[in-house]
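Right, one structure below, let's go through it.
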Amino acid sequence: MDEAVVAVMNTLDRGQEIHGWLMHTLQQAINDSDPQLAEHFFTELERHRPEALRYFRKPEF
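Position one of the sequence shown corresponds to residue 32 (our numbering), numbered consecutively onward.
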C-alpha cells in the first residue's frame, strides 16, 4: 500500500486528477486488501495528502 500512496502523491504533484484506470486499480486494491492494509493506506494518505481522500471510499469489512 505504500507504493499506492506514492502513486497518488506523484499524480497529484503533477497536477493531475486521479481517475480512469489508476482510480479503478487503486479502489479495487483497497477493496480486495486485508483490512489492516486498507487502513494503513488511508492513514498514510491522510498524513501525506489528506486532500486525496475525496477520491476513495473506505471499504466496509
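Glycine included, each C-beta is placed from N, C-alpha and C at the ideal position.
Just so we're clear, the structure is a prediction, and the values are computed from it rather than from any experiment.
For residue 72 against residue 32, the beta-carbon gap comes to about 4 Å, under 8 Å, which counts as contact. Distance from residue 75 to residue 36 at the Cβ level is roughly 5 Å; contact confirmed, criterion being Cβ atoms closer than 8 Å.
Around the C-beta of residue 84, fewer than 16 other C-beta atoms lie within 10 Å, and the residue is accordingly described as exposed.
Assignment of residue 87 by DSSP, reduced to helix, strand and coil, places it in the coil class.
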